[in-house]
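Numbering (UniProt numbering), first residue to last: 1 to 428.
Only one structure is covered here, and it is reproduced in the block below.
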């Protein structure tokens, strides 16, 4: 292998200055602990929570394991080679093999996760039959064998692992001038995985967007708000409180001062409730059913919009990390020239940063994992929100507002301040 035994190589394209090397080491030193911590947290959360022991989360666990190996086995030798510009021949080949293997396995696993999400969202009725633990294990085993064979090929002279001082990954597979090996890698792993990811997330996005439009149409037809109803009691207001009465009875509720956020929140709920009751009497629809349709439609619409943003975020993260690297590999496969060092540094760093982007995208798109993670960390708003919703339900139940609807409304309106003490309504 060319130049593997050289103790020091200096070229015009290499940044040998220690200040420049230190500047390049800073992002890597920041990436390593963040990647290790995030992936260990992902794996620990999935392993500890039994309700997360599903096929989908098993794929996420395996991806976290691959990314953890990235942070432990690829980033440290990369940092050492940037500082010393030299690695022993055996270590150089080992690092190149591990880097190649983990790159291929990572993108293959991401493709499996994208396909799993597509089947779960777009074909929910047949998901349990199509995706089983045995099939998932077989697919992962196949990707491991494929990545292992392709990574071993340069060791038997099909392709080449070389010491490249002008390259960012000093010990890596040489794609430039190796059309046969590069074509096999691109055709069997990289391009198929890339297409699976793009097509799967595009179909998921289309389904979510179509569902959002459908919910918007149904909500606009099902609920038509009548003119506002005068709710304020004509009696003179008292100095420190006011009386709000419902249009259907003589019941009243004493609220704190009008400037209080809690009073405004409760007042808006009472107005909405009376408007819905009037709409129910005009349309002949049961009041409870109308309320559930309205609140449920708003809540579901917000969830669909959030899912659209989540899918878009995952797609953008994937393209940002992997598209430049795949483009570079494709370019080098059919060109003999090398890319500039600064360009290669940015492209390779983006690809390696996927080891921390993947756990973050899992937290965005997997609601069960996000809840379990917050509970395991002892942070979040779970207890606080439950207390707020409990007090809202306690305040509204005497006015015959359904408890389930009140809970949904509290979630939709994202109550931030706890509701203070309210006086119960006298029975009608």
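Think of the CB as a built atom: it goes at the ideal place given N, C-alpha and C, for glycine as much as any other residue.
As the structure is a prediction and not an experimental result, all values here were calculated from the model.
Judged by DSSP secondary structure, residue 141 falls within the alpha helix (DSSP H) whose first and last residues are 133-152. Within the segment 25-112, the runs of alpha helix (DSSP H) at least 4 residues long that lie entirely inside it are, in chain order, 55-69 and 75-84. By the neighbour-count criterion, in which 16 or more other beta carbons inside 10 Å mark a residue as buried, residue 64 falls on the buried side. No Cβ-Cβ contact shorter than 9 Å links residue 330 with residue 144.
Selection 344, 334, 315 and 340 evaluated against residue 324 yields 344 as nearest (Cα-Cα). Comparing alpha-carbon positions, the option among 203, 107 and 40 lying closest to residue 318 turns out to be 107. Assignment of residue 339 by DSSP, reduced to helix, strand and coil, places it in the coil class. For residue 113, the CB contacts under 6 Å within the same chain, skipping 5 residues up- and downstream, are 59 in chain order. Straight through space, the alpha carbons of residue 356 and residue 75 are spaced by roughly 13 Å.
In this structure, residue 70 and residue 352 form a Cβ contact; the two beta carbons are roughly 7 Å apart against a cut-off of 8 Å.
Straight-line measurement puts the Cα of residue 47 at about 14 Å from the Cα of residue 38.
Excluding the 5 residues flanking it on each side, residue 115 has same chain C-beta neighbours closer than 7 Å at 196 and 200, in chain order.
Under the DSSP assignment, residue 181 falls in the alpha helix (DSSP H) whose first and last residues are 179-185.
Within a 10 Å sphere around the beta-carbon of residue 29 sit fewer than 16 other beta-carbons, which makes this residue exposed.
Distance check between residue 208 and each of 146, 192, 120 and 333 places 120 closest, using alpha-carbon atoms only. Residue 125 sits in coil when the DSSP states are folded into three classes, being neither helix nor strand. Assigned with DSSP and collapsed to three states, residue 334 falls in coil, not helix or strand. Residue 68 is positioned such that its CB atom lies closer than 9 Å to that of residue 35. Between the alpha carbons of residue 138 and residue 152 lies a gap of roughly 21 Å.
DSSP places residue 353 in the coil class of the three-state scheme, outside both helix and strand.
Nearest to residue 24 by alpha-carbon distance, out of 349, 332 and 363, is 349. For the pair residue 157 and residue 45, the Cα-to-Cα distance works out to about 42 Å. Between the alpha carbons of residue 135 and residue 77 lies a distance of about 35 Å. Residues 102, 105, 106 and 109 of the same chain have their beta carbon placed closer than 7 Å to that of residue 66, with the five preceding and five following residues left out of the count. Residue 193 is a Cβ neighbour of residue 111, given a cutoff of 9 Å.
Taking all protein chains in view, the Cβ of residue 130 is surrounded by fewer than 16 other Cβ atoms within 10 Å, so the residue is classified as exposed. Distance between residue 88 and residue 133, taken at the CA atoms: about 42 Å. Closest option to residue 347, judged by alpha-carbon separation, among 322, 26 and 362: 322. Pairing residue 124 with residue 118, the inter-Cα distance amounts to about 9 Å. Burial is judged here by how many other beta carbons sit within 10 angstroms of a residue's own beta carbon; residue 61 has at least 16 and is buried. The beta carbons of residue 147 and residue 99 sit no closer together than 9 Å. The C-beta distance from residue 362 to residue 41 rounds to 10 Å, too long to meet the 8 Å contact threshold.
Judged by their CB atoms, residue 95 and residue 73 are nearer to each other than the 9 Å cut-off.
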